[in-house]
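S.K.: Okay, here's the structure, questions in a sec.
4 protein chains.
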Amino acid sequence: MIRFECDYNTGAHPKVMQALMDTNLEACPGYGEDDHCAAAARLIRELCQAPEAAVHFLVGGTQTNLTVIAAALRPHQGVVSTAMGHINDHETGAVEATGHKILPLPSEDGKLTAEQLEQLCRDHETDPCMEHKAQPGMVYLSHPTERGTVYTRAELEAISETAHRHRLLVYLDGARLAYGLAASDLTLPDLARLCDAFYIGGTKAGALFGEALVIPNPALQQDFRYLLKQRGGMLAKGRLLGVQFEALLSDGLYEQIGRTAVAQAMRLKQALLAKGWPLLVDSPTNQQFVVVPNAVYEQLSRNYSTDLSGHPDPEHTAIRFCTGWSTRDEDIDTLIRDIQAL
Amino acid sequence: MIRFECDYNTGAHPKVMQALMDTNLEACPGYGEDDHCAAAARLIRELCQAPEAAVHFLVGGTQTNLTVIAAALRPHQGVVSTAMGHINDHETGAVEATGHKILPLPSEDGKLTAEQLEQLCRDHETDPCMEHKAQPGMVYLSHPTERGTVYTRAELEAISETAHRHRLLVYLDGARLAYGLAASDLTLPDLARLCDAFYIGGTKAGALFGEALVIPNPALQQDFRYLLKQRGGMLAKGRLLGVQFEALLSDGLYEQIGRTAVAQAMRLKQALLAKGWPLLVDSPTNQQFVVVPNAVYEQLSRNYSTDLSGHPDPEHTAIRFCTGWSTRDEDIDTLIRDIQAL
Amino acid sequence: MIRFECDYNTGAHPKVMQALMDTNLEACPGYGEDDHCAAAARLIRELCQAPEAAVHFLVGGTQTNLTVIAAALRPHQGVVSTAMGHINDHETGAVEATGHKILPLPSEDGKLTAEQLEQLCRDHETDPCMEHKAQPGMVYLSHPTERGTVYTRAELEAISETAHRHRLLVYLDGARLAYGLAASDLTLPDLARLCDAFYIGGTKAGALFGEALVIPNPALQQDFRYLLKQRGGMLAKGRLLGVQFEALLSDGLYEQIGRTAVAQAMRLKQALLAKGWPLLVDSPTNQQFVVVPNAVYEQLSRNYSTDLSGHPDPEHTAIRFCTGWSTRDEDIDTLIRDIQAL
Amino acid sequence: MIRFECDYNTGAHPKVMQALMDTNLEACPGYGEDDHCAAAARLIRELCQAPEAAVHFLVGGTQTNLTVIAAALRPHQGVVSTAMGHINDHETGAVEATGHKILPLPSEDGKLTAEQLEQLCRDHETDPCMEHKAQPGMVYLSHPTERGTVYTRAELEAISETAHRHRLLVYLDGARLAYGLAASDLTLPDLARLCDAFYIGGTKAGALFGEALVIPNPALQQDFRYLLKQRGGMLAKGRLLGVQFEALLSDGLYEQIGRTAVAQAMRLKQALLAKGWPLLVDSPTNQQFVVVPNAVYEQLSRNYSTDLSGHPDPEHTAIRFCTGWSTRDEDIDTLIRDIQAL
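Chains as they are written, first to last, in our numbering: chain A, 2 to 343; chain B, 2 to 343; chain C, 2 to 343; chain D, 2 to 343.
The structure is reproduced here in structure tokens:
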């Protein structure tokens, strides 16, 4: 069984593990106030060209999302997201559990547009009953999205401009940012310039666990550590997060992980297209969604694990292939050969 | 200006006001533990043929909805509603502020169907990622709905059976129940038999304010007064609610208010149809939604207040006419004459 | 049975009832956007000499408290209160249900001091683990307190100065403000100058129900109506609140209600002291707490209802007598005679 | 600088790190549904003699506490704790952020007693205003406590009996359980028998991070994974927790870590007592609290890091020494020599 069902089924990249071993016996202050976290934060501010940004390290994505959103919004405000956005569809109501409504927008490919956002804001602002509705206070984007698609710089600029003009904050979920950076013209400095907060995902890109939250907007920075602690997101041995991000962000490792997995996914995509199977969406990143006849799915499932993405009709199955830091080129070779042979 | 924009723009029915005057100097225990509340609760249990039901009186609908939903659900559970359901569309995220997600279903006419509910429950139960999604724990219905439509007994039986088979509770928002009872085969005993909780609306049917919450399901009854108090819904002079419901539910006043307003609305509906204007939905109750040319809307607005329900296209306006306990037959006559003359 | 157990056991002052009757058939916009609310708000801003203050009307005290506190605090902030403060001791965790911790301070007489507050703030600010504790964000005062005591102008000035210097907001619960105004040098303009928000209580001073929330601090004013709606505190027929406060605040009715009830309480207090029974606290307002032998309590209970305030020792009972707008002088006379005769 | 300020300033025990290295390239299902978690859960059920207990693995203590408490209580219920309980004093209002009040009891040594609990429950049950107060729904204990003290089996039996008789759940925070097991007659099977839920702490006893939550009470087991996910506590690479607890709970490693650190602490305690310095509390575990003259504190601080626990008076400082899995015997030797030399 070769596993392509997700990008977090193995442990950490060997360089990350080595860094954890090397620092294991160091005695550090707890709760993220150690030298490794400070060094990793410095690296991130440099890479983002955002010398004033606050940087915090959290263990996982849901925790990061709920903490940022609860910290940023007043009680009557909601967060705009696509209906398939991770916070709306895959976090068991975590945002609502902090008291906030999600305002869903339809999307086919996982992206939302500046036009949709403009319309939603205008509808609210011109509604004579506006006080009877949750007020849009933030827009949540994922990049890459839940469908593997990415925003271009121009798209994010338009969304950011629209949001800020209507006094909404922009928050970007970068759980798979390594793969987004490899497949879009958006750079870390762009994100720091256009977002009020975003995170650089570690869990799905070579870390054991960990997400690096970047908060360029000073208004969101205040007292953030209180909020981390309150939501259970302040790791006692915070240094574990600092150490991992130091390793990931040194010597271009994070970029390399992204580039390699995307290249593997592109080879696979060509094989899928050559086979004539329709893609669910045209993804330029490490997630590839394809619709295959049920019999094909069955055959593939004997040797490969994939993620089931639904049944467009009774005869077909939509599946997701994921590459990641531990995907080997030879596994891709084998998979492509098997696909060609089907 | 004759007002048809809603059914709560005047005070209370004269019999209700009289009862408040008559009892004004009585010294009663507070917080709903007085004889008037006890008597009104007795009346309700009799009318519902539900001798074991708990009855509580609250001031308003949003408060009732949020208190019941927060009391009934565990933290990870959500409440199923149509997208246009009052809790989803018109309560500023009040349910989410208690920590619960609303699971919206599409609807054209304000009603949801047993089939939709069955599908949603099955989708959840067969989702390998179910734990990453809010669990359906309750279905919220309004009767009449936000579009004035009503459920039949057979429809509610099917929904109730489906919900309970999947371990969801059934909660029915009866803000306008007076008008629903006049326009559907559903009776109070039906509601008590098919719902775990529902409320008999007073605010929109002749009371100054007040909703009578009926809880037939014993599992929901426990400690409910704590929850009332916690959410700010326990009125100090609770007797005001008891006194009003005693008046409304004696001598058939509540039914009469509903019947009269519905009859007025039916006369108006005939006039609208005769004019050839399309109805937004075929409502048998006191709310009538009609689509008129913009010029007509302008002309009507000089003498009549209505509620704006959107613009189906740039040339037309959808408006709502509401009748209520204080609508006079002569006002309907005048309105109909003016419509005919247009 | 003559009732002294509380100040909200009867309906409304006749002038308030009359105003409700007089306006009953007026058709008004809902949700507090009517002329009566506007007029009452104008009256309040004048009485408070606070032309820029926001004024909102809510039905009850718990609802007002939880809405203001939830609106004002960020998630990691707590509200300082005496341990016996109504929000800490008598609202079923309503504040915590909005997500906020109460930071209790000890008090014998219901008041907290600027010194206590200074110490609490300093302790927090110098705590190396501050981020592991809820941050003080507001101080909650009641005036009169739960023990009937009042703040002087100098005391409130000191508390306000201390709070603001440490960046805490000041919120004052005026459920019984009518009686406080009659027994302290603090005026409405003082409250508007020293508090970020406070409310003028109606329920316990002659209204059927209703509290007038005054928000002098502009930072707290923004979007407040959203928050009202979200917490279930926006009354559909909001005019009922406007009408009542118009009546209460015209022709000095509110002040007169306060003065009269306090005068009655002072007469009673003299009788209690003459009897040699110790007071639980020296209250200058309409609540009088006295400790009597159990046998006395039993005898009194045959003809008078009081509120039980505990058992200081097995032989004694602490009870509360309350006067209010509907207390008659002859009832006080009778009570005093019976006390003297004991 | 030799560090005694806490028991979580280094990484993980070498055997734990080795297990993480050995399994790093295994491809496992995510979210705790892997074989390592299953194996660790099996080990725990055996050690607890609780074949039906549910076991879940979380990253940290605050997260575990808030998730269990929010999962177990209805909205109007509060959790009883000593005032110095970790949830009340050191988690930034995390429990309140889930909507629940903490009901604090005074304590000198960190423990609460069955008598205190009995009194609190009775006071609530006999309070005529009970519905105006948060209902006690759970008792929170820490073992060892925040002061290093432990419960005896008889004490926990009495608390458990009292709690259950009054329908409260018993939850025990075992952040430092390794040290408690080494210093009390309470065993894991006792905890499984007497508690509705408790956790076996990893973070402070040799793991990189991780707490093993044990839920013997079937009523609390239902849907728990939903709640984990909702609160951000479901680790993507859940196997990391399984692998670590497999290592800790095999070959008696967890017990050995506890025993060794406690033995070191007892040697230190003798040295402190020999010096005549008063202990803040008589702790039999790895935390030792001692009161020293300020000058002594200053001298010690040159070579040793400790945790500051306050100033009993202006001339003295209370400090905490902590031993842990990485404390070396020679460090204790050096510290004792330096103390003797002072």
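We put the CB at the ideal spot given by N, CA and C, even for glycine.
Computed from a prediction, not measured in an experiment: that's the story for all the values here.
So for residue 36/D, helix, strand or coil by DSSP?
M.R.: Of the three classes helix, strand and coil, the one that applies to residue 36/D here is helix, per DSSP.
S.K.: Based on the DSSP output, what are the partners of residue 78/B in its beta bridges?
M.R.: Beta-bridge pairing links residue 78/B to 136/B.
S.K.: Does residue 344/D have its Cβ less than 8 Å from a Cβ in chain A?
M.R.: Chain D is shown from 2 up to 343; residue 344/D falls before or after that span and cannot be answered.
S.K.: Determine which residues share a DSSP beta bridge with residue 105/A and list them.
M.R.: Beta-bridge pairing links residue 105/A to 82/A.
S.K.: Taking the straight line between their C-alpha atoms, what separation do you get for residue 39/C and residue 74/A?
M.R.: So the alpha carbons of these two residues sit roughly 30 Å apart.
S.K.: Helix, strand or coil: how does DSSP classify residue 5/C here?
M.R.: The answer is coil: DSSP assigns residue 5/C none of H, G, I, E or B.
S.K.: For the candidate residues 315/A, 63/A, 278/A, whose alpha-carbon lies nearest to that of residue 321/A?
M.R.: Nearest option by C-alpha distance: 278/A.
S.K.: Would you decide whether residue 147/D is buried or exposed? Buried here means 16 or more other CB atoms lie within 10 Å of its CB.
M.R.: Residue 147/D should be labelled buried.
S.K.: Taking contact to mean 3 or more Cβ pairs, one atom from each stretch, closer than 8 Å, check whether the stretch 256–270 of chain A and the stretch 173–181 of chain A are in contact.
M.R.: Counting Cβ pairs under 8 Å, three or more are found: they touch.
S.K.: Would the C-beta of residue 337/B count as close to the ligand COA, meaning under 7 Å from any of its heavy atoms?
M.R.: This structure simply doesn't include the ligand COA, nor any ligand for that matter.
S.K.: Residue 91/B and residue 71/B look like a contact to me (Cβ under 8 Å); what is the Cβ gap, rounded to whole Å?
M.R.: Not a contact, Cβ separation roughly 18 Å.
S.K.: Name the two residues that bound the continuous beta strand (DSSP E) containing residue 289/A.
M.R.: Where residue 289/A is concerned, the enclosing beta strand (DSSP E) stretches over 288–294.
S.K.: Please list the segments of the alpha helix (DSSP H) lying wholly inside the stretch 267–332 of chain C, counting only runs of 4 or more residues, in order along the chain.
M.R.: Listed in chain order, the complete alpha helix (DSSP H) runs (minimum 4 residues) inside the stretch 267–332 of chain C are 295–302.
S.K.: Quick one: list the residues of chain A neighbouring residue 335/B, beta-carbon separation under 9 Å, in chain order.
M.R.: The contacting residues do not exist; residue 335/B stays about 26 Å from chain A at best.
S.K.: Once DSSP output is grouped into helix, strand and coil, what is the label at residue 244/B?
M.R.: Helix at residue 244/B.
S.K.: Taking the Cβ atom as the reference point for each residue, do residue 236/C and residue 61/B lie within a distance shorter than 8 Å?
M.R.: Yes; because the gap between Cβ atoms is below 8 Å, this pair is in contact.
S.K.: For residue 166/B, is the classification buried or exposed, using 16 other Cβ atoms within 10 angstroms of its Cβ as the cut-off for buried?
M.R.: Exposed, because fewer than 16 other Cβ atoms sit within 10 Å of the Cβ of residue 166/B.
S.K.: How long is the line joining the alpha carbons of residue 67/D and residue 163/B, rounded to whole angstroms?
M.R.: Cα to Cα, residue 67/D sits roughly 34 Å from residue 163/B.
S.K.: Taking residue 113/A and residue 83/A to be in contact with their CB atoms under 8 Å, please state how far apart those CB atoms are, rounded to whole angstroms.
M.R.: That belief holds up - the Cβ atoms of residue 113/A and residue 83/A are roughly 5 Å apart, short of 8 Å.
S.K.: At the 8 Å Cβ level, is residue 323/B part of the contact set with chain C, yes or no?
M.R.: It does not; no Cβ of chain C falls within 8 Å.
S.K.: Please state whether DSSP places residue 215/B in a helix, a strand or coil.
M.R.: In the structure shown, residue 215/B sits in a strand (DSSP, three-state: E or B).
S.K.: Can you tell which of 186/A, 188/A, 173/A, 205/A has the C-alpha that lies nearest to the C-alpha of residue 197/A?
M.R.: Per the Cα distances, 173/A.
S.K.: Against chain A, does residue 228/C count as a neighbour if the rule is that its beta carbon must be under 8 Å from one of theirs?
M.R.: True, the Cβ-Cβ gap to chain A drops below 8 Å.
S.K.: Locate the beta strand (DSSP E) running through residue 202/C, then write down its first and last residues.
M.R.: Residues 198–202.
S.K.: Go to residue 157/C, then tell me how far its beta strand (DSSP E) extends in each direction, as first and last residue.
M.R.: Where residue 157/C is concerned, there is no enclosing beta strand (DSSP E), although the alpha helix (DSSP H) it sits in stretches over 154–166.
S.K.: Express the C-alpha separation of residue 290/A and residue 284/B in angstroms, rounding to a whole number.
M.R.: Their backbone Cα atoms lie some 45 Å apart in a straight line.
S.K.: Let me know if residue 107/D comes out buried or exposed under the rule of 16 or more other beta-carbons within 10 Å of its beta-carbon.
M.R.: The residue in question, residue 107/D, is exposed, as its Cβ has fewer than 16 Cβ neighbours within 10 Å.
S.K.: For the beta strand (DSSP E) containing residue 125/B, name the first residue and the last one.
M.R.: Taken as a continuous stretch (DSSP letters only), residue 125/B belongs to no beta strand (DSSP E), being part of the alpha helix (DSSP H) at 115–126.
S.K.: Roughly how many angstroms separate the alpha carbons of residue 140/A and residue 193/B, rounded to a whole number?
M.R.: Looking at the two C-alpha atoms, the distance is approximately 42 Å.
S.K.: Output the distance between the C-alpha atoms of residue 245/B and residue 222/B, rounded to the nearest integer angstrom.
M.R.: Near 23 Å, if we compare the C-alpha coordinates of residue 222/B and residue 245/B.
S.K.: Can you give me the C-alpha to C-alpha distance between residue 17/C and residue 219/C, rounded to a whole angstrom?
M.R.: If I take the Cα positions, the gap works out to 31 Å.
S.K.: Going by alpha carbons, who is nearest to residue 88/C out of 275/D, 133/D, 2/D, 195/D?
M.R.: Out of 275/D, 133/D, 2/D, 195/D, 133/D has the C-alpha closest to the C-alpha of residue 88/C.
S.K.: Give the interface partners of residue 14/A over in chain B, defined as CB-CB distance under 7 Å, in chain order.
M.R.: Per Cβ cutoff of 7 Å: no residues; residue 14/A is ~26 Å from chain B at best.
S.K.: Output needed for residue 333/C: all residues of its chain with C-beta closer than 7 Å, excluding positions within five of it in sequence on either side, in chain order.
M.R.: So the qualifying residues of the chain are 265, 268, 269.
S.K.: Using a C-beta to C-beta distance shorter than 7 Å, which residues of chain D count as neighbours of residue 100/C?
M.R.: Residues of chain D passing the Cβ test: 97, 98, 100.
S.K.: State yes or no: is the C-beta of residue 154/D within less than 8 Å of the C-beta of residue 187/D?
M.R.: Cβ atoms of residue 154/D and residue 187/D: closer than 8 Å.
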